[in-house]
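Working notes, beginning with the structure itself.
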Amino acid sequence: MDDVRKILEKVAKGEMSPEEAELSLKIKPFEDLGYAKPDTHRALRQGTAEVIYGESKTAEQISGIAAGLLKAGQETVIITRLSEEKSLAVTTPLTYYKEARIGVCGKIPSPDTDGKIIVATAGTSDIPVAEEAAVTAELLCNNVTRIYDVGVAGIHRLLAHSGEIMTAKVIIAIAGMEGALASVIGGLADCPVIAVPTSVGYGASFEGITALLSMLNSCASGVSVVNIDNGFGAGYLASMINHIGGTSK
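Under my numbering, the first residue of the sequence shown carries the number -8, and numbering increases by one thereafter.
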């Protein structure tokens, strides 16, 4: 952080304006590890620090990137799509969420806003994607309520949670098969709904494409859609929405 101190000293001496300092910090270079270039100032630019996608990386690479981000001052490093086997080989100390396949190095944060995110699934088979979304949102400082196995095959199960649905700031609706849950929730809720199609389903579900197209063609206003099985993307976007105009703690 020596470069940051030099910038601040220039501001204090009047050699640099606060606006110039802000711009300089926003475009500060990344750390070059050879195999990766961790973006150490992403939180400054975007409000949320860099997240490591772990599926295609080795445990050694993950360890190095996480250590670099922590060294640069990032308090919480999230690693998505991390297998349990690989998590055991990561040398940087971490907390592992097995069902979500998420690892966390550093501090586990607490909620910093009063808004509530609901994560709802059509079926139990959708829970792994839902947990990726829910844990991501929690690690981004949100209150999360889980409502699982409330698909349209037994819609009374969803309606039993009407009160919770009406108090949410944003809802993540996760479904495979024909993906109808997102439209139903979109017709009940007065908040944004993020639809996540999953690859759960029989042959004609085409590994989630059917649910994806169904969600994209939803007649319920206020429904947006992320990619198939992209629980992380849904949790991240829900956090952004939840922090807009919220009451910070």
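Cβ atoms here follow ideal geometry from the backbone N, Cα and C, with glycine treated the same way.
- The shortest CA-to-CA distance from residue 184 to any of 198, 172, 234 is the one to 172.
- Inside the segment 108 to 196, DSSP marks whole alpha helix (DSSP H) runs of 4 or more residues at positions 118 to 130, 147 to 150, 153 to 157, 172 to 177, from first to last along the chain.
- The segment 82 to 93 makes no contact with the segment 133 to 147, as fewer than three CB pairs between them are under 8 Å.
- Scanning the segment 32 to 105 for uninterrupted beta strand (DSSP E) segments of 3 residues or longer gives 67 to 71, 85 to 88, 93 to 97, listed from N- to C-terminal end.
- Bounds of the alpha helix (DSSP H) holding residue 205 are 200 to 207.
- DSSP places residue 216 within a strand segment (E or B) once states are collapsed to three.
- In terms of Cα proximity to residue 179, the closest of 154, 234, 43 is 154.
- CA-CA distance, residue 95 to residue 70, rounds to 6 Å.
- The Cβ atoms of residue 30 and residue 41 lie closer than 7 Å to each other.
- Contact annotation, residue 110 with residue 146: C-beta distance approximately 18 Å; criterion of less than 8 Å not satisfied.
- The straight-line gap separating the alpha-carbon atoms of residue 122 and residue 220 is approximately 11 Å.
- Judged by DSSP in its simplified three-state form, residue 27 adopts coil rather than helix or strand.
- Assigned with DSSP and collapsed to three states, residue 12 falls in helix.
- Here the alpha carbon of residue 46 sits roughly 14 Å from the alpha carbon of residue 222.
- Annotated three-state conformation of residue 233 is helix, per DSSP.
- If you draw a 10 Å sphere on the C-beta of residue 160, you find 16 or more other C-beta atoms in it, and that means buried.
- A direct Cα-Cα distance of roughly 14 Å separates residue 162 from residue 127.
- Minimum Cα-Cα distance from residue 176 among the listed residues 65, 7, 152, 193 corresponds to 152.
- Ranked by how close their Cα comes to the Cα of residue 117, the residues 103, 150, 137 have 137 in first place.
- Comparing C-alpha distances from residue 169 to each of 37, 205, 82, 236 shows the shortest one belongs to 205.
- When the Cα atoms are used, residue 216 and residue 174 turn out to be separated by approximately 11 Å.
- Taken through DSSP and simplified to helix, strand or coil, residue 6 comes out as coil.
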